[in-house]
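According to this note's numbering, the residues represented by the sequence shown are 1 to 264, in order.
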Amino acid sequence: MNFPKKCTRVLVHFFFACLSERGRFLKEQIFFLVELQNIDLEMEELLLKKVDLPKEISRLDEELEAVEREMEEGRQRLDRLKDDHRAKETAMKNSVENSKKAKSRLLGVKTNKEYEATLKEIAAINEKSSGIEDAIIHILEEIDKVGEDFKVKEREAVNCRSKCENGKRRLEKELDSIDSALDGVLKKRDGVRNGIKAKFLKKFDAIKSRKNGRAVVPVWREICSGCHMNIPPQMYNELRRNERLMLCPHCGGIMYWEDRDDDA
Ligand SMILES: [Zn+2]
């Protein structure tokens, strides 16, 4: 059958019009698929945060607990040293009293033996007093050292409490906002999925689960960004024409031509 020349021209025009119509449709579908992929990534990020944020909040609680526990241990050590100091001071007082009593007894001794025994007793008491005195000096040095450490720990605890409380407030606020953000993303996702042809959607979902989330891959200058491999020039030219949904021959991702000159 021979068409008149004019008729052939109309048919050719119609053919290319259909083709560009199809190209436009495919371009739009790819746009939706990329959008869906971004939304899915955004959703995964939010879901991950929903798991991570409570962990971060607990970590801050643990950090503060540890610093406050250390401070409390310092306080208890200081209290024990102060108790010890008080006990030693009482022992010293008793020792001095005992020494005084023994010395006054010296005045009333009748025999030489008794005198020597009392002198021995006084010497023993003095030796004990000197031991107590040494212990008191050591305890006072310890009280100074532990007291300084405690002051440092106390300051650290105050700073840590304010840092942790601020951090927790920020994280809890972020956590509270996640559910509403997820609602919004899910609505957006449904809307985009509704605009995608069922056949493409099925392919997208299958590739996504296989490729760990990256189903749609941009291709520029014959290189697939999904696997960084070269695709054949003929295939690249076909991809640029947007005639059909094409998969990368290497990684299996849904390819689309990303005109980076256009972006620039
Ligand atoms: Zn690839």
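Just so it is clear, CB atoms sit at the ideal spot from N, CA and C, and this is done for glycine as well.
* Give the DSSP bridge partners of N230, in chain order. => Looking at the DSSP output, N230 sits in a beta bridge with I223.
* Asked: Are the beta-carbon atoms belonging to I125 and A102 less than 8 Å from one another?
  -> In this structure, the beta-carbon distance from I125 to A102 falls below 8 Å.
* Own chain residues within Cβ distance below 6 Å of R129, not counting five before or after -> Checking the sequence, you will find Ser at residue 129 rather than Arg. S95.
* Nearest-angstrom Cα distance between I143 and Y115? -> Their backbone Cα atoms lie some 41 Å apart in a straight line.
* Return helix, strand or coil for V217, following the three-state DSSP convention. => In the structure shown, the three-state DSSP call for V217 is strand.
* To do: Could you tell me which of V158, L46, L48 sits nearest to E65, measuring between CA atoms?
  => Answer by Cα proximity: V158.
* To do: Under 6 Å Cβ to Cβ from D259, same chain only, skipping five residues before and after it: list those, please.
  => So the list is empty, once near-sequence residues are dropped.
* Relative to ligand 1, is the shortest distance from any of its heavy atoms to the C-beta of M246 smaller than 7 Å? -> Because no heavy atom of ligand 1 lies under 7 Å away, the Cβ of M246 does not count as near it: no.
* Asked: Taking the runs of the beta strand (DSSP E) that are 3 residues or longer, which of them lie wholly in the segment 97-150?
  -> With a minimum length of 3 residues, there is no unbroken run of beta strand (DSSP E) contained wholly in the segment 97-150.
* Asked: If you draw a straight line from the alpha carbon of G252 to that of K211, how long is it in whole angstroms?
  -> When rounded, the distance between both Cα atoms is 8 Å.
* Run the CB neighbour count on Q234, radius 10 Å, all protein chains shown included, and call it buried at 16 or more, exposed below. => With fewer than 16 other Cβ atoms within 10 Å, it is exposed.
* Should L201 and R193 be called a contact, given that it needs their Cβ atoms to be closer than 8 Å? -> Yes, these two residues count as a Cβ contact at 8 Å.
* **Per-residue DSSP class, three states only, for I254** => It is a strand residue.
* Asked: Quick one: what does DSSP say L247 is sitting in, helix, strand or coil?
  -> DSSP places L247 in strand when its eight states are reduced to three.
* Straight-line CA distance for F15 to E21? -> The pLDDT assigned to F15 is 47, lower than 50, so where the model puts this residue is not dependable; a value taken from the coordinates is nonetheless given after this. In a straight line, the C-alpha of F15 is about 10 Å away from that of E21.
* **8 Å Cβ cutoff met for E89 and I137** => With respect to the 8 Å criterion, E89 and I137 are not classified as neighbours on the basis of their beta carbons.
* Using beta-carbon positions only, say whether D52 and G213 come within less than 8 Å of one another. => In this structure, G213 does not lie closer than 8 Å to D52 by Cβ.
* Would you check whether ligand 1 has a heavy atom nearer than 7 Å to the C-beta of M229? => True, at least one ligand heavy atom lies under 7 Å from that Cβ.
* Hey, is C224 close to ligand 1, as in C-beta under 7 Å from one of its heavy atoms? -> Checking the Cβ of C224 against ligand 1 gives yes.
* Flag this pair as touching only if the segment 219-230 and the segment 239-258 have three or more C-beta atom pairs under 8 Å; answer yes or no. => Judged by pairs of C-beta atoms under 8 Å, the segment 219-230 touches the segment 239-258, as three or more such pairs exist.
* Indicate the three-state DSSP secondary structure (helix, strand or coil) for I207 in the structure shown. => If DSSP states are grouped into helix, strand and coil, I207 belongs with the helices.
* If we ignore side chains and look at the alpha-carbon of each, how far apart do R244 and E42 end up? -> Straight-line Cα distance between these residues: approximately 28 Å.
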